[in-house]
Amino acid sequence: MSSTHSPSANDTIPSLSDLEKTCWQQLDQSIHAHGSADSAFRNMTVATCASRGADARIVVLRDVDVAHKYVWFHTDARTEKVLQLEEFPQAMLLFWNESEQVQFRLTVETRLHTDDYLADEQWKKVHDGSVRLYMSELMPGSVQDSPYPGFPEHIKDGTITTEDRSSARLNFAAIECRVLCMEYLKLGKQGQTRARFQYEPVSKMTWLAP
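As numbered in our numbering, residues 72 to 281 make up the sequence shown, in order.
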């Protein structure tokens with residue numbers, strides 16, 4: 072799969088419409104291309120609102136719906152970020168491509184899925200190597216006397232049974248993110264390029280000063 076080039080100040084600047092399509096194409100490519108240049112946007116920072124202030128952590132982009140402007144990530148349903156998103160559903164997703172010097176900022180409205188058909192569909196995409204992420208016998212974030220790997224001793228060898236998958240499924244949460252707005256920023260020695268793609272409450276594309 073070939074990489075989609077991001078425009079720099081030395082390139083012919085595309086139209087806002089073409090640039091927006093390229094941004095979504097790069098996000099979609101990232102979930103299918105492991106370890107290649109096309110996977111640069113696979114990891115993202117999720118910033119949430121918390122009672123003590125802002126909170127942030129890195130998660131993996133798991134699914135992209137280009138047509139309807141949705142992205143998804145997965146987490147343990149017992150984590151603090153789930154509680155935060157239940158209280159304050161709006162969040163910010165931050166993506167960074169180091170080689171291209173491109174940043175995406177997505178303002179999203181989140182929805183939690185744990186025991187519906189959408190969660191089941193997302194769970195089918197979780198490979199065995201990631202099942203252990205949902206098998207902690209202890210509450211995520213709880214204080215411990217010594218380091219804890221986050222999963223039971225019996226799966227340290229990597230073997231995941233049907234029973235393990237069933238147990239892990241109980242702790243699985245899929246986070247649906249409806250994208251309200253995307254901001255694009257391209258850094259360059261000859262200048263920067265910045266744009267905003269607004270989807271809700273009205274659809275509008277605009278260039279911005281960096």
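Where is the CB? At the ideal position from N, CA and C, for every residue including glycine.
Only a predicted model underlies this, so the values are computations on that prediction, with no experimental measurement involved.
Burial state of F166 is buried, judged by a 10 Å Cβ sphere holding 16 or more other Cβ atoms. In the displayed model, D216 falls within coil according to three-state DSSP, outside both helix and strand. For the pair of segments examined, the region 243-255 was found to touch the region 139-146: the number of CB pairs separated by less than 8 angstroms reaches three. Fewer than three pairs of CB atoms, one per stretch, sit closer than 8 angstroms, so the region 192-204 makes no contact with the region 254-269. The alpha-carbon of T185 is positioned some 30 angstroms away from that of V273. In the DSSP secondary-structure assignment, T277 is bridged to R267. Scanning Q96, E171, Q155, L87 for the CA closest to the CA of T181 turns up Q155. Distance between I102 and T93, taken at the CA atoms: about 15 angstroms.
Taking a cut-off of 8 angstroms for Cβ pairs, the region 223-232 and the region 185-194 do not touch, as fewer than three such pairs fall below it.
Between the C-alpha atoms of I129 and F175 there is a straight-line separation of about 14 angstroms. Fully contained in the region 236-267 are the following beta strand (DSSP E) runs of length 3 or more, in chain order: 243-257.
In chain order, Q269 place their CB closer than 7 angstroms to the CB of K275, counting only its own chain and leaving out the 5 sequence neighbours on each side. Assignment of E208 by DSSP, reduced to helix, strand and coil, places it in the coil class.
For Q193, the CB contacts under 6 angstroms within the same chain, skipping 5 residues up- and downstream, are A245 in chain order. S122 counts as exposed, since fewer than 16 other C-beta atoms from the protein chains shown sit within 10 angstroms of its C-beta.
Secondary structure at T116: strand, using DSSP grouped into helix, strand and coil. A residue is called buried when at least 16 other Cβ atoms come within 10 angstroms of its Cβ; A239 meets this threshold and is buried. Counting only the Cα atoms, E208 lies some 34 angstroms from D99. The C-alpha of Q97 lies about 21 angstroms from the C-alpha of A118. By the neighbour-count criterion, in which a residue is buried when 16 or more other Cβ atoms sit within 10 angstroms of its Cβ, W95 is buried. Looking at the backbone, the Cα of L279 and that of T150 are separated by about 36 angstroms. Ranking V131, L90, I84 by CA distance to the CA of V197 puts V131 first.
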